[in-house]
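Enquirer: Note that the sequence shown covers residues 1 to 326 in the working numbering.
We put the beta carbon where it would ideally sit given N, CA and C, even for glycine.
Before I ask anything, let me first share the structure, which is written out below as structure tokens.
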Amino acid sequence: MTNQNNHIFIFQLPVLHDDNGRGYVSMAQEAENVYWRCGLLGVEKGHLGVHLMCNSEDRSNFWSIDFEYEACIVLNGKEHHKKTGTHHHIARKYLALRFPLDFCRKAATKEKGMYIKFSITVVNKVGIRPKRIHDFTVPEENLTNFILVVEGKKIYCSKQVNYNRASIYISTVYFQILAMNSEVLMQFLYPNGNKEVREVELPENFEYKKLLTLIKIFYNDSDALNPSNISEALEVATNMKSESARQRCERWISRTQLMAAKKKMHLAEKFSLVDLQNECIAMLKTSQQVQRLFQNPHDFTDEEIVELMDRVTLSIVGHSYEGLGK
């Protein structure tokens with residue numbers, strides 16, 4: 001049982017495709033270590049069906065989440081057709097709601113679609129793991145054995161982490177966390193081969209915020225990466241000669257549901273992330289439209305090609321918005 005937590009999600013949805021938008025899924029939003037999305041179910045008996053979807057990467061096979069909700073359509077800053085209730089989410093048992101189709105068409109614009117707002121109060125979670133987050137601004141007893149000073153600020157961490165591994169014999173395993181993850185840091189951590197150094201002040205060209213992000217990546221912290229800092233994190237990892245951090249960034253990009261495929265492809269190309277490039281290319285090749293583009297490129301204008309690639313790459317999170325059907 002968790003404490004009650006309140007969250008507000010506003011999803012932008014298209015209304016309507018010629019097929020009534022069925023199957024469209026919005027970009028995900030994150031809260032409670034859970035991805036939240038809104039999808040269109042299509043039209044039936046004068047109503048547009050939508051469903052609120054939940055998923056998590058850090059969960060057991062037997063997970064569930066209970067929440068209270070208030071849902072509405074937002075038009076001109078006002079809330080309309082409010083619906084309230086409770087929902088027990090498990091597996092693919094999504095929260096399905098219906099709104100009057102006529103009002104949905106009224107609330108939508110061709111340029112922006114319509115907005116649906118969900119106010120969620122999470123009352124219980126089962127099988128969803130808490131996020132792993134370290135606080136490097138304060139020393140931790142029995143864990144901190146090294147201090148990095150950057151721009152006058154201290155980062156409390158460990159040159160190495162040791163723990164007992166259970167087996168026939170109890171042995172101590174050492175991980176040189178910082179040194180083994182960055183060739184650049186290794187030069188500062190062991191000056192002239194001295195392994196007893198406990199504090200190092202880095203030169204002025206190091207930035208506190210960027211280095212802290214890199215260390216969080218080393219420790220696999222859940223809050224290390226997000227869509228806003230991933231490009232900068234990759235740049236820092238590259239400059240610090242940390243292939244392990246680059247690989248963790250690449251895996252995060254591949255798995256996250258918080259980024260459109262278009263941005264994923266851009267990062268893969270910019271930072272030469274080969275596995276991610278191959279993943280994006282494989283996804284593109286599954287599109288019949290892209291195959292037709294390759295077969296008959298002269299049938300497409302430059303604008304059509306850009307629009308097509310954008311629409312197809314966004315298929316990771318749903319169909320592209322095409323405006324109201326005629």
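Classify N296 as helix, strand or coil using the three-state DSSP reduction.
Expert: Along the sequence shown, read from residue 1 onward, the residue named residue 296 stands at position 296. For N296, the secondary structure class from DSSP, reduced to helix, strand or coil, is coil.
Enquirer: Within its chain, find whatever has a CB closer than 7 Å to the CB of T286; leave out the 5 residues flanking it on each side and keep chain order.
Expert: In the sequence shown, residue 286 corresponds to position 286, counting from 1. Residue confidence for T286 is low, a pLDDT of 49 falling below 50, so the modelled location carries little weight and cannot support an answer.
Enquirer: Taking only the alpha-carbon atoms, compute the straight-line gap between Y156 and L178 and give it to the nearest angstrom.
Expert: Counting from one through the sequence shown, the residue named residue 156 turns up at place 156. Counting from one through the sequence shown, the residue named residue 178 turns up at place 178. Answer to the nearest angstrom: the Cα atoms are 12 Å apart.
Enquirer: Can N124 be considered in contact with the ligand NAP, in the sense that its beta carbon sits closer than 7 Å to one or more heavy atoms?
Expert: Only the bare structure without any ligand can be found here, which leaves the ligand NAP out of the picture.
Enquirer: Considering only the alpha carbon of each residue, which of I8, S228 and N278 lies closest to I116?
Expert: Position 116 of the sequence shown, counting from 1, holds the residue named residue 116. Of I8, S228 and N278, the residue nearest in Cα terms is I8.
Enquirer: Should F136 go down as buried or exposed, given a rule of 16 or more other Cβ atoms within 10 Å for buried?
Expert: Reading the sequence shown from its first residue, position 136 is the one you call residue 136. Buried, because 16 or more other Cβ atoms sit within 10 Å of the Cβ of F136.
Enquirer: Name the two residues that bound the continuous alpha helix (DSSP H) containing V43.
Expert: Here residue 43 corresponds to residue number 43 of the sequence shown, with the count starting at 1. Premise fails: V43 lies in the beta strand (DSSP E), V34 to E44, not in any alpha helix (DSSP H).
Enquirer: Where DSSP assigns a beta bridge to C54, which residues make up the other side?
Expert: Here residue 54 corresponds to residue number 54 of the sequence shown, with the count starting at 1. DSSP, once it has assigned bridges, lists W36 as partnering C54.
Enquirer: Please state if the CB of S56 and the CB of N76 are separated by a distance shorter than 8 Å.
Expert: Start at 1 with the first residue of the sequence shown, and residue 76 comes out as number 76. Start at 1 with the first residue of the sequence shown, and residue 56 comes out as number 56. Contact check for N76 against S56 fails: the beta carbons are separated by 8 Å or more.
Enquirer: For V74, does the three-state DSSP call read helix, strand or coil?
Expert: Numbered from 1 along the sequence shown, position 74 holds the residue referred to as residue 74. It is a strand residue.
Enquirer: Of all the beta strand (DSSP E) runs that stay within the bounds of the region 78 to 121, which reach a length of 3 or more residues?
Expert: 78 to 90 and 95 to 100
Enquirer: So, do the region 124 to 136 and the region 100 to 107 have three or more beta carbon pairs nearer to each other than 8 Å?
Expert: no
Enquirer: Among all the DSSP beta bridges, which residues are the ones paired with R59?
Expert: On the sequence shown, position 59 is the one that residue 59 refers to. Answer is I128, bridged to R59.
Enquirer: Measuring straight from C-alpha to C-alpha, what distance separates V200 and R246?
Expert: Reading the sequence shown from its first residue, position 200 is the one you call residue 200. Reading the sequence shown from its first residue, position 246 is the one you call residue 246. Near 24 Å, if we compare the C-alpha coordinates of R246 and V200.
Enquirer: What are the residues that DSSP puts in a beta bridge with G49?
Expert: Here residue 49 is taken as the residue at index 49 of the sequence shown, counted from 1. Answer is G42 and R98.
Enquirer: What is the residue span of the beta strand (DSSP E) that K153 lies within?
Expert: Translated into positions along the sequence shown, residue 153 becomes position 153. K153 to C157 is the span of the beta strand (DSSP E), which, as asked, contains K153.
Enquirer: What is the DSSP secondary structure of Y219, reduced to helix, strand or coil?
Expert: Numbered from 1 along the sequence shown, position 219 holds the residue referred to as residue 219. Y219 falls in the coil class under three-state DSSP.
Enquirer: Taking only three categories from DSSP, how would you classify V377?
Expert: Residue 377 lies beyond the residue range present for the chain, which begins at 1 and ends at 326; the question has no answer from this structure.
Enquirer: Determine the direct distance from the alpha carbon of L148 to that of K78, and round the result to whole angstroms.
Expert: As a working note, residue 78 is residue 78 in the sequence shown. As a working note, residue 148 is residue 148 in the sequence shown. Their backbone Cα atoms lie some 51 Å apart in a straight line.
Enquirer: Any idea if R248 is buried or exposed, counting beta-carbon neighbours within 10 angstroms, 16 or more meaning buried?
Expert: Indexing the sequence shown from 1 puts residue 248 at position 248. Buried: at least 16 other Cβ atoms inside 10 Å.
Enquirer: According to DSSP, what are the bridge partners of Q29?
Expert: Taking the first residue of the sequence shown as position 1, residue 29 is located at position 29. Paired residue(s): W36.
Enquirer: Within the continuous alpha helix (DSSP H) that includes V138, where are the two ends?
Expert: To locate residue 138, count along the sequence shown from 1; it is residue 138. Unbroken run through V138: none, as it is neither H nor E.
Enquirer: From L273 to L267, what distance separates their C-alpha atoms?
Expert: Sequence index remark: in the sequence shown, residue 273 carries index 273 (1-based). Sequence index remark: in the sequence shown, residue 267 carries index 267 (1-based). Each residue's Cα considered, the two are about 8 Å apart.
Enquirer: Decide yes or no for the touch test of the region 198 to 213 against the region 229 to 239: beta carbon pairs closer than 8 Å, at least 3 of them.
Expert: yes
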